[in-house]
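When we follow this note's numbering, the leftmost residue of the sequence shown carries the number 1, and every step to the right adds one. No residue lacks a Cβ here, since even glycine has one placed at the ideal position from N, Cα and C. Below is one structure, written out as structure tokens; the observations come after it.
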Amino acid sequence: MRASVPRSDLYDGVTRTHIPSMAILKIARMGHPILRMRAKEVPDPTAPEVSRLVTAMVETMEDADGTGLAAPQVHMPWRIVVYMVDGTRSSEEEEGDIVCDVPLTVMVNPVIEFLDEETSLGFEACLSVPGMAGPVRRYENIRVTYQTMENQEIVFEARGFHARVIQHECDHLDGVLYTSRIEDMSQFGFVEELGKAQAGSPEEDDG
Ligand code: NI
């Protein structure tokens, strides 16, 4: 998903005679079989390989100006998700109700529970479906359980846009793209065209 820390903020003040080790990973696009696979549980969240992958995922997400990224999107079939929600963006979708601002979150082996039947429609986009967006119905209130990279179990509740981001990213772990959840395909299209049609540009939950 989008709107994150500009790359320059990460490396400010550094004279770049030495380029820090960075890994911008290639993002799989819709049609690639890895996006339809169920990703595997991570047996040891503290493994150095997990840490390296997460670092590369965060750099890739920021480079692509995404809000979130799931490991299968970078060709790694593991149940790992990274995301960061910028409040200024999410407030638009929340109709001014709630500003949600979530710092960089890394979830290993996340599991979602829906807390009630309430749902909402919102436009989503995905780094694996570049340039496109469409309306998706998601649960409003969810509980998430996941492991940190220190192997700590975290349980928390999320709602609204935050819950939408998590559902979108966790869908990737089950081989599901948001496109398969669009009920009204007449609303699915290129962001540029949708933007022309609807005065303001649609929300993009790029992930
Ligand atoms: Ni996505």
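At least one heavy atom of the ligand NI is found less than 7 angstroms from the C-beta of C126. Between the region 133-141 and the region 176-192, the count of C-beta pairs closer than 8 angstroms reaches three or more; the two stretches touch. According to DSSP, residue pairing for G122 in a beta bridge involves V136. Runs of the alpha helix (DSSP H) spanning 4 or more residues and lying entirely within the region 25-75 occur at 48-63, in chain order. The shortest C-alpha to C-alpha distance from Q152 to any of M84, M107, L69 is the one to M107. Within the same chain, Cβ atoms closer than 7 angstroms to the Cβ of I34 are found at A28, P72, H75, P77, the five residues on either side in sequence being excluded. CA-CA distance, M61 to E117, rounds to 31 angstroms.
Take V54, set aside five residues on each side of it, and the residues of its chain with a beta-carbon closer than 8 angstroms to its own are I80, V82, V106, M149, in chain order.
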